[in-house]
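Just below is one structure, and these are the notes that go with it.
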Amino acid sequence: MRVSRIIPPPGPPRTLALAQLTNSVGDGAYYVCSVLYFSRVIGLSPTQIGAALTVGWALGAVVGVPLGHLADRRGPRGIAVLMSLATGAAIASLLFVRTYPAFLAAVCLYTCCQCGLAAARQALLAGLVEPARRTGTRAYLQSTVNAGLVLGAALGGIALQLDSEGSYLTALAIDAVTFVLAAWVLGRLPAPARQLPEADRPAGRTLTVLRDRPYALVALLNMVMLLYMPLLSVVLPLWIVQRTGAPGWTVSALLVLNTLSVVLFQVRMAARVTGLRSAARAVRQAGLVLLVACVCFAVSAVGTSVWLPVLVLLVAACVQVFGEMLLGSGSWEIGFALAPADKQGQYQGFYGAGTAVARLIGPLLLTTLILSWGTGGWLVVGALFLGAGVAMEPAVRWAEAQRPAEARESTPARD
């Protein structure tokens, strides 16, 4: 694997990747340790933790659009720096909260800042990288995020091994510090040129994305496809333990396989997408591949052997991550290309809300379908992926046809 497949080219892409790497290391430690910290140190029940996270991500999905709009109006670099600092402050506050109302407030601040940061960062990428390189740059960033999560998870693993209040506090403090460092890195980027001078912006109708029905349909279909995220992190561990004869370490093996695959191959996969038509085609193919993965996961429950389900699960995980990388490559291109140049912040905030919604409804929906219905549930979930993937092509054609003529002319025809 060539280094150029992992490390982005010099300039804004590399600086953006450094910022992503910095805070994803902290996030890796946070994801591993946070729930145990909330339960053992703060003293919260699983129901309280789940309710707070549900409320937080629901609120984050809503505020992402106005925060993205703020990035359009005030400049994405400044808002990205502000949101990164605010995220670090939200995590730092978790070190001191010991009551449920304070915990709920800190979680809501954290999720809102995370959604605002994601929208501002995407707008910053769109403002600093020419359209033909955005999807490739986004692929580099995704690879970087996964690499950082692996490093952070290793730090979190040390905290889990020590299993003390001090170790958990240290892991969360590291996460808070990494967001401050990421803010400093983002501040080194140049400010993107304004697409439309402030004086020339039309008055009223500021949140245009809320009235853009074709884009809303595309974002909805993308949200359905994003249900693969809780499928891997929440449903599969429960499925393996409850429905298969595979050993418990299989869960870790599948997560490592997924993470390393994205680090090594996401950039190469993204090179296949050269415009809206190939992006929509990649999402359609992702729907089919994810259906096949669901069938393979369902088959893992057949038989009483120990090693056969392990083999089937590994094959299924390979198929799943292939579909995940196809989806990412196509989805990023679609989200950027269909957004007006001067409104990338609010459009990316709306498009990125699919991630928050998938985190919000995905665990309950998928666990109900798959753990209750078994093979039938896997087939229903696979059909959802296939249906959303197939519907993406006509939805993209509709959205592209509705764009203003000047927007169509300024978009490079690369397909």
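Okay, so the sequence shown: first residue is 22 according to this note's numbering, each after it adds one. In this text, a Cβ means the ideal position worked out from N, Cα and C, and glycines have one as well.
- In the three-state DSSP reduction, D196 falls in the helix class (H, G or I).
- In the displayed model, F117 falls within coil according to three-state DSSP, outside both helix and strand.
- In this structure, C315 places its C-beta atom within 8 Å of the C-beta atom of W399.
- Counting C-beta pairs closer than 8 Å gives three or more between the region 350-364 and the region 142-162, which meets the contact rule.
- Considering only S185, L247, F124 and V288, the residue with the shortest C-alpha distance to V166 is V288.
- In chain order, A127, L130, Y131 and C134 place their CB closer than 7 Å to the CB of A111, counting only its own chain and leaving out the 5 sequence neighbours on each side.
- Contact between the region 154-168 and the region 95-108 is absent, with fewer than three C-beta pairs closer than 8 Å.
- Within 10 angstroms of the beta-carbon of L183 lie fewer than 16 other beta-carbons, which makes it exposed.
- In the structure shown, I261 adopts helical secondary structure according to DSSP, grouped into three states.
- Ranked by how close their Cα comes to the Cα of L390, the residues P213, L405 and A377 have L405 in first place.
- Q263 and R424 have their C-alpha atoms spaced approximately 49 Å apart.
- According to the DSSP assignment, R232 belongs to no alpha helix (DSSP H), since it is labelled neither H nor E.
- Segment contact: the region 180-197 against the region 42-57, three or more CB-CB distances shorter than 8 Å; contact assigned.
- Under the three-state reduction of DSSP, G81 is assigned to helix.
- L252 is not a Cβ neighbour of V86, given a cutoff of 8 Å.
- In the structure shown, the three-state DSSP call for D93 is helix.
- In the structure shown, E421 falls within a helical segment according to DSSP collapsed to helix, strand and coil.
- Rounded to whole angstroms, the gap between the alpha carbons of L387 and A214 is 43 Å.
- Non-local beta-carbon contacts of P211 in its own chain, meaning distances under 6 Å to residues more than five positions away in sequence, are absent.
- Contact between A379 and L248 holds: CB atoms are separated by about 5 Å, below the 8 Å threshold.
- The beta carbons of A40 and A203 sit about 5 Å from each other, so the pair counts as a contact at 8 Å.
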